[in-house]
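Protein chains: 2
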Amino acid sequence: MAELARVGYSALRVEDVAVLAKVNKTTVYRRWPTKSELIADAIRSVAGFDEPLPDTGTIRGDLIELVRRSLAFARKPEGRAVSRLIVVEGGTPEVDALARLLRDQKRAKNAEVITRAIARGELPHDTPADLVVDAITSPLFARAMRFNEKIDQATIIALVDLVVTGAENVGKRGSRGR
Amino acid sequence: MAELARVGYSALRVEDVAVLAKVNKTTVYRRWPTKSELIADAIRSVAGFDEPLPDTGTIRGDLIELVRRSLAFARKPEGRAVSRLIVVEGGTPEVDALARLLRDQKRAKNAEVITRAIARGELPHDTPADLVVDAITSPLFARAMRFNEKIDQATIIALVDLVVTGAENVGKRGSRGR
Numbered sequence: 001m002a003e004l005a006r007v008g009y010s011a012l013r014v015e016d017v018a019v020l021a022k023v024n025k026t027t028v029y030r031r032w033p034t035k036s037e038l039i040a041d042a043i044r045s046v047a048g049f050d051e052p053l054p055d056t057g058t059i060r061g062d063l064i065e066l067v068r069r070s071l072a073f074a075r076k077p078e079g080r081a082v083s084r085l086i087v088v089e090g091g092t093p094e095v096d097a098l099a100r101l102l103r104d105q106k107r108a109k110n111a112e113v114i115t116r117a118i119a120r121g122e123l124p125h126d127t128p129a130d131l132v133v134d135a136i137t138s139p140l141f142a143r144a145m146r147f148n149e150k151i152d153q154a155t156i157i158a159l160v161d162l163v164v165t166g167a168e169n170v171g172k173r174g175s176r177g178r
Numbered sequence: 001m002a003e004l005a006r007v008g009y010s011a012l013r014v015e016d017v018a019v020l021a022k023v024n025k026t027t028v029y030r031r032w033p034t035k036s037e038l039i040a041d042a043i044r045s046v047a048g049f050d051e052p053l054p055d056t057g058t059i060r061g062d063l064i065e066l067v068r069r070s071l072a073f074a075r076k077p078e079g080r081a082v083s084r085l086i087v088v089e090g091g092t093p094e095v096d097a098l099a100r101l102l103r104d105q106k107r108a109k110n111a112e113v114i115t116r117a118i119a120r121g122e123l124p125h126d127t128p129a130d131l132v133v134d135a136i137t138s139p140l141f142a143r144a145m146r147f148n149e150k151i152d153q154a155t156i157i158a159l160v161d162l163v164v165t166g167a168e169n170v171g172k173r174g175s176r177g178r
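Residue numbers (the UniProt record's numbering), protein chains in the order written: chain A, 1 to 178; chain B, 1 to 178.
So this is what it looks like as C-alpha cells:
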C-alpha cells in the first residue's frame, strides 16, 4: 500500500514491493502470480474486507456504522491511495477490472446487513439489497473520494434514513402521500 | 466536443478548436477566455443543461425521464468524451474543479423537479432535494459511466421508487415497519 500510494498502479513493480518487504520476488510471485492479485489483496486487507460487519441491532445503526468506517478509510493514506487508483488511473482495462472486482466483493459483503435486517423482520423480504447499499454508499463515496468533500454526520443519517424508509415502505401503496 | 473526444482535456489546444470551427483563435478567446470555460460551455450545450426539465406531472415520472436522458447521453460519443474526462483525467485540479462546477449546476437544475413536487404537495416541504437527486443519479452514473454497465428500465424504476417512497415517508414515524 505504501508503494501504491507512492507511485500508483501503472508504475508499481512487484520487484520493488519485494525489496520493501525484504523478501525475494519469487516469494511474492508464489502467493500473488500477478500485480493485480497482489494489489487486490493489499486493498482488501486495509479496506476492512475481512472485518466483521457492524451488528448494532438495527438496519439504520448498521448502515450508519458501515458508512462511517468507509469514510474513515477514505481519509487515511491507504484510502487516498485507493481513491487515486480509481480516480487518476481509471480507464485502463486492468485498473477497471480490479475496481469492478473490489466493488462487487464489497457490495456483496455490505448486502449482508440487509439480509440480516430481512431476517429480523425489519425490512420486506423482497428488499433490493444491492440498490439499497448503492443508493447510500455511491453518493457519499462520490462526494468524499471523487470530490474530496467532508461529509458530516447529519448528512449520513439523513441519507440512511431516506433510503431505509424507502425500503420499509416501498410496495405498500396504502402508505403513499401525506 | 469532437476535439475533446479525440485528444482529451489535457492535450486539447484552443487553437486546434478554432481551426476545426474555421474561425480565428482570437474569436474563440473573446467568448471563452480559458480552455476550462470553453470546455464547460461545450459540455453544457451537449449534456442538456439548457433543455427544459421533464414535466410529466408526477415526481416518479420526472425522475425516471431525467435518468433516462442522462443515460442516453452517457451512451453517445459526447457522453463518452465527458466520462473519459472524469474517469481518465480526474485528479488534476483543473479537471476536478470543472467536474465539480458541472455537477453542482446539473444537481441544482435537477433539484427543481423536487421543488415542483413539493409545490404540488407530492413531497414534504423539508425534502432534502440534493440527497434525493444524488441517491438516484449517483449509483446509476457510477454503473454506467465508471463501470460501463448497461442499466435496464426495471432498475431505474426500482431505484426511483425506493428513494421517492423514502422521501414521501421519512419523518412519518407512524408509517414505519410492516
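Don't be surprised by glycine CBs; every beta carbon is placed ideally from N, CA and C.
- Distance from the CA of THR27(A) to the CA of ALA21(A), rounded to the nearest whole angstrom, comes to 10 Å.
- Across the structure, SER10(B) and ARG146(A) are spaced so that their CA atoms are roughly 19 Å apart.
- VAL113(A) and THR137(A) have their C-alpha atoms spaced approximately 13 Å apart.
- Chain order gives the chain A residues near SER138(B) as SER138, PRO139 and ALA142, where near means a beta carbon separation below 7 Å.
- Taking C-beta separations shorter than 6 Å and ignoring five residues to either side along the sequence, the partners of GLU149(B) in its chain run ARG143, following chain order.
- Of GLY61(A), LEU71(A), ARG60(A) and GLY79(A), the smallest CA-CA separation from SER45(A) is found for GLY79(A).
- The DSSP-derived three-state label of VAL23(A) is coil.
- Residue VAL14(A) holds the alpha-carbon nearest to the alpha-carbon of TYR29(A) among ALA40(A), ASP41(A), ASP104(A) and VAL14(A).
- Interface residue (Cβ-Cβ distance to chain A less than 8 Å): VAL88(B) is classified as such.
- At a cut-off of 8 Å, the C-beta of GLY61(A) has no neighbouring C-beta in chain B.
- If you look at ARG84(A), you'll find it in the alpha helix (DSSP H) that goes 77–88.
- The Cβ-Cβ distance between VAL95(B) and GLU89(B) falls below 8 Å.
- Pairing VAL133(B) with ALA167(B) gives a Cβ-Cβ distance that is not under 8 Å.
- Chain order gives the chain A residues near GLY166(B) as LEU162, VAL163, THR165 and GLY166, where near means a beta carbon separation below 7 Å.
- For the pair VAL160(B) and ALA2(A), the Cα-to-Cα distance works out to about 41 Å.
- The DSSP assignment places complete alpha helix (DSSP H) segments of no fewer than 4 residues inside the region 48–135 of chain B at 59–75, 77–88 and 93–119, in order along the chain.
- By the rule that beta-carbons nearer than 8 Å mark a contact, ARG120(B) does not touch chain A.
- Per the coordinates, the alpha-carbon of ARG69(B) lies some 30 Å from the alpha-carbon of ARG84(A).
- Per DSSP, reduced to three states, the secondary structure at ARG13(A) is coil, with no helix or strand assignment.
- Taken atom to atom, the span from the alpha-carbon of GLY57(B) to that of GLU65(B) is near 12 Å.
- The continuous stretches of alpha helix (DSSP H) do not include LYS172(B), and DSSP gives it neither H nor E.
- Distance check between PHE73(A) and each of ASP55(A), PHE49(A) and GLY91(A) places PHE49(A) closest, using alpha-carbon atoms only.
- Per DSSP, reduced to three states, the secondary structure at MET145(A) is helical.
- Inter-residue distance for LEU53(A) and ALA108(A) is about 12 Å (C-alpha atoms, whole angstroms).
- Scanning its chain for C-beta atoms nearer than 6 Å, with the 5 sequence neighbours on each side dropped, one finds around ARG60(A) the residues VAL160 and VAL164, in chain order.
- Excluding five sequence positions before and after ALA117(B), the CB atoms of its chain that fall closer than 6 Å to its own CB belong to ILE59 and LEU123, given in chain order.
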